[in-house]
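Q: In terms of this note's numbering, the sequence shown opens at residue 9 and continues consecutively.
Built from N, CA and C at the ideal position, the CB exists for glycine as well.
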Amino acid sequence: MDRAHDLVGRAPAGDALDDLGDVTLLPGLIDAHVHLLLQGDVTTDDYDEQIFKESLPYRALRASRAAKIGLSHGFTTMRDLETEGAMYTDVDLKRAINNGIIDGPRLVVSTRALSVTGGYGPAGYSPEISYPRGVQIVDGVDQARKAVREQIANGADWIKVYADRSYFIDKDGKLSSIPTFTRDEMKAIIDEAHRLRHKVAAHAMARPGIENALMSGVDSIEHGISIDNDLLDFMVAHGVYLCPTLTVTEFVAPGRAAEGRAIWAKIPEFHRDSFNRAVKKGVKIALGTDAGGFAWDAVNEAKELSYMTKYGMTPQQALDAATRNAAQLLEMDAQVGTIEPGKFADVVAVPGNPLNDIGVMEKVSFVMKDGVVVKK
Ligand SMILES: [Zn+2]
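Laid out in structure tokens, this is it:
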């Protein structure tokens with residue numbers, strides 16, 4: 009082991025880091041796209057069961073387990089990008105973690121997310137019955153601005169917006185989608201969030217959504233399954249982050265295609281190509297997995313680093329995406345993302361050298377969060 013512990017800013021860290029054996033020490037990992045309140049969303053039934061059959065207290069209990077699993081995998085900071093119908097439960101999770109009630113990563117939360125009438129599930133039920141939705145539905149610029157104010161008043165750190173839906177292949181063979189918000193609505197959401205000093209993440213998979221979000225001033229594109237080159241250039245020029253979530257695509261695509269959503273058989277190939285071009289163009293990329301879209305105990309989130317290297321990054325680039333770059337996206341680079349004096353003592357250890365074998369990132373053997381050992 010090298011003397012990296014000398015760099016750790018807190019006194020207790022030194023003792024805890026001795027005797028770890030032949031390991032590489034890294035800053036605590038950051039997953040910039042998770043859903044702690046979701047426990048797998050391969051099929052429509054998976055999703056609807058959680059919304060209709062699980063109470064919010066039960067979902068909170070499951071989320072506390074998810075937080076513990078993610079932390080044990082070395083993710084000491086996470087951006088939770090909406091509760092999928094669990095209202096403001098992420099704010100409570102964050103509070104419980106900060107107050108030492110439960111173990112979990114440091115959270116940046118976005119509460120309910122925004123979409124339009126007809127834009128989000130559960131869907132397909134009788135119009136005579138009313139039931140909870142996975143997001144806050146808003147129509148028109150006034151409702152949009154009010155919802156942003158409401159979410160921030162209730163504890164949202166970020167605003168999450170769904171920019172598109174209903175994916176299909178267009179006549180040119182490209183992935184396309186139906187946009188949710190009009191340009192005016194999208195601009196209102198982003199303007200209101202920025203006015204209140206908060207940033208906006210947009211779920212955007214194909215050109216109609218990606219372009220609408222980018223031209224309205226969004227801060228990060230989530231998924232970005234098919235981003236045209238001119239829009240990648242725009243992202244580079246304006247410093248917009250991509251949070252690619254390769255893991256969830258690889259995990260959910262076969263099940264969704266088998267369920268009858270045939271487009272999902274084609275989505276992984278679009279995604280790999282788009283990610284590869286983004287890397288080559290030098291788009292800022294922060295690691296995000298969409299954990300919760302796959303069950304928290306089904307895949308180790310660190311598998312994302314393997315996918316990133318498989319589809320175009322060097323191991324060092326993938327490690328940067330999981331640490332310092334994600335910290336910059338979250339505007340937390342003064343606190344996390346590197347091991348330096350004055351930052352939180354978030355440290356993980358992996359066996360061997362991840363620059364030679366990125367797969368060791370799934371074998372985190374030691375986790376320290378803010379100077380406290382949470383796994384050894
Ligand atoms: Zn997501």
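Does at least one heavy atom of ligand 1 sit under 7 Å from the Cβ of Leu391?
A: This structure gives no information on residue 391, because the portion of the chain shown stretches from 9 to 384.
Q: Is His279 near ligand 2, going by C-beta to nearest heavy atom under 7 Å?
A: Absent from the structure shown: ligand 2. Ligands present: ligand 1.
Q: Jot down the residue ranges of each uninterrupted alpha helix (DSSP H) in the stretch 211 to 262, minimum 4 residues, whole runs only, in chain order.
A: With a minimum length of 4 residues, the continuous alpha helix (DSSP H) runs that stay inside the stretch 211 to 262 are 215 to 223, 237 to 246.
Q: Can you list the alpha helix (DSSP H) stretches of 4 or more residues lying completely in the stretch 72 to 111, in chain order?
A: 97 to 106
Q: Who are Tyr133's beta bridge partners in DSSP?
A: Sequence index remark: in the sequence shown, residue 133 carries index 125 (1-based). In DSSP, Tyr133 forms no bridge with anything.
Q: Given a cut-off of 8 Å, decide if Val382 and Leu79 are closer than it, judged by their beta-carbon atoms.
A: Start at 1 with the first residue of the sequence shown, and residue 79 comes out as number 71. Start at 1 with the first residue of the sequence shown, and residue 382 comes out as number 374. Contact flag set, yes.
Q: With burial defined as no fewer than 16 other Cβ atoms inside 10 Å of the residue's Cβ, what is the status of Ser123: buried or exposed?
A: Taking the first residue of the sequence shown as 1, we reach residue 123 at position 115. Buried is the call here.
Q: Excluding the five sequence neighbours on either side, which residues of its own chain have a C-beta within less than 8 Å of the C-beta of Arg191, listed in chain order?
A: Locating residue 191 in the sequence shown gives position 183, counting from the first residue. Asn220, Met223, Ser224.
Q: When DSSP builds the beta bridges, which residues end up paired with Gln47?
A: Locating residue 47 in the sequence shown gives position 39, counting from the first residue. Bridge partners of Gln47: none, in fact.
Q: Does DSSP classify Trp304 as helix, strand or coil?
A: Within the sequence shown, the letter at position 296 stands for residue 304. It is coil, neither helix nor strand.
Q: Ignore the nearest five residues each way along the sequence and tell me which others in Glu90's own chain have a CB closer than 6 Å to its CB.
A: Sequence index remark: in the sequence shown, residue 90 carries index 82 (1-based). Ser118, Ala121, Lys168, listed in sequence order.
Q: Return yes when the C-beta of His41 is under 7 Å from any heavy atom of ligand 1, and no when it is not.
A: Locating residue 41 in the sequence shown gives position 33, counting from the first residue. His41: yes, Cβ under 7 Å from ligand 1.
Q: Among residues of its own chain, excluding the 5 on either side of Asn333, which ones have a beta-carbon nearer than 7 Å to its beta-carbon?
A: As a position in the sequence shown, residue 333 is number 325, starting the count at 1. Cβ neighbours of Asn333 beyond the five flanking positions: Lys292, Ile293, Ala294.
Q: Note down the Cα distance separating Gly17 from Val344, rounded to an integer number of angstroms.
A: The residue given as residue 17 occupies position 9 in the sequence shown. The residue given as residue 344 occupies position 336 in the sequence shown. Note that Gly17 scores 36 on pLDDT, short of 50, meaning its location in the model is unreliable; the coordinates nonetheless yield the value given after this. Answer to the nearest angstrom: the Cα atoms are 11 Å apart.
Q: In whole angstroms, give me the CA-to-CA distance for Arg141 and Leu45.
A: The residue you call residue 141 lines up with position 133 of the sequence shown. The residue you call residue 45 lines up with position 37 of the sequence shown. Each residue's alpha carbon lies about 14 Å from the other.
Q: In chain order, what residues of the same chain have a beta carbon less than 6 Å from the beta carbon of Leu250, not counting five sequence neighbours either side?
A: Along the sequence shown, read from residue 1 onward, the residue named residue 250 stands at position 242. Around Leu250: Ile229, Gly232, Ala286, Val291, Ile293.
Q: Give the straight-line distance between the Cα atoms of Gly181 and Ser282, rounded to the nearest whole angstrom.
A: Sequence index remark: in the sequence shown, residue 181 carries index 173 (1-based). Sequence index remark: in the sequence shown, residue 282 carries index 274 (1-based). If I take the Cα positions, the gap works out to 14 Å.
Q: Which full runs of the beta strand (DSSP E) of 3+ residues lie inside the stretch 161 to 187, going along the chain?
A: 166 to 170, 172 to 177, 183 to 187
Q: Would you give the residue range spanned by the beta strand (DSSP E) that Ala40 belongs to?
A: For the purposes of this step, residue 40 is taken as the residue at position 32 of the sequence shown. Counting along the chain, the beta strand (DSSP E) containing Ala40 begins and ends at 37 to 42.
Q: For Thr32, list the residues DSSP reports as bridge partners.
A: As a working mapping, residue 32 is identified with position 24 in the sequence shown. Paired residues: Val358.
Q: Taking the straight line between their C-alpha atoms, what separation do you get for Val156 and Ala74?
A: Position 148 of the sequence shown, counted from the first residue, corresponds to residue 156. Position 66 of the sequence shown, counted from the first residue, corresponds to residue 74. Cα to Cα, Val156 sits roughly 27 Å from Ala74.
Q: Can you grab the Cα-Cα spacing for the pair His1 / Leu338, in whole Å?
A: This structure gives no information on residue 1, because the portion of the chain shown stretches from 9 to 384.
Q: Determine, using beta carbons only, whether Val356 and Leu25 come nearer to each other than 8 Å.
A: Against the sequence shown, residue 356 aligns to sequence position 348. Against the sequence shown, residue 25 aligns to sequence position 17. The Cβ atoms of Val356 and Leu25 lie no closer than 8 Å to each other.
Q: Classify Gly296: buried if its beta carbon has 16 or more other beta carbons within 10 angstroms, exposed otherwise.
A: The sequence position of residue 296 within the sequence shown is 288, counting from 1. By the neighbour-count rule (16 or more Cβ atoms within 10 Å), Gly296 is buried.
Q: Might you give, ordered along the chain, the residues of its own chain that have their beta carbon closer than 6 Å to the beta carbon of Asp14, omitting 5 neighbours on each side?
A: The residue given as residue 14 occupies position 6 in the sequence shown. Any answer about Asp14 is weak, because its pLDDT of 36 lies below 50 and its placement is not dependable; what the coordinates show is given next. None.
Q: On a CA-only basis, which of Phe374, Ala131, Asp365, Val380 is nearest Leu33? Give me that one, please.
A: For the purposes of this step, residue 33 is taken as residue 25 along the sequence shown, with counting starting at 1. When each option's Cα is compared against that of Leu33, the closest is Phe374.
Q: Indicate the three-state DSSP secondary structure (helix, strand or coil) for Phe283 in the structure shown.
A: Taking the sequence shown and counting its residues from 1, one reaches residue 283 at position 275. Residue state, collapsed to three classes: helix.
Q: I'd like to know whether the C-beta atoms of Asp341 and Asp378 end up nearer to each other than 8 Å.
A: Numbered from 1 along the sequence shown, position 333 holds the residue referred to as residue 341. Numbered from 1 along the sequence shown, position 370 holds the residue referred to as residue 378. No, these two residues do not count as a Cβ contact at 8 Å.
Q: Between which two residues does the beta strand (DSSP E) harbouring Phe374 extend?
A: Taking the first residue of the sequence shown as position 1, residue 374 is located at position 366. Per DSSP, Phe374 is one residue of the beta strand (DSSP E) stretching across 374 to 377.
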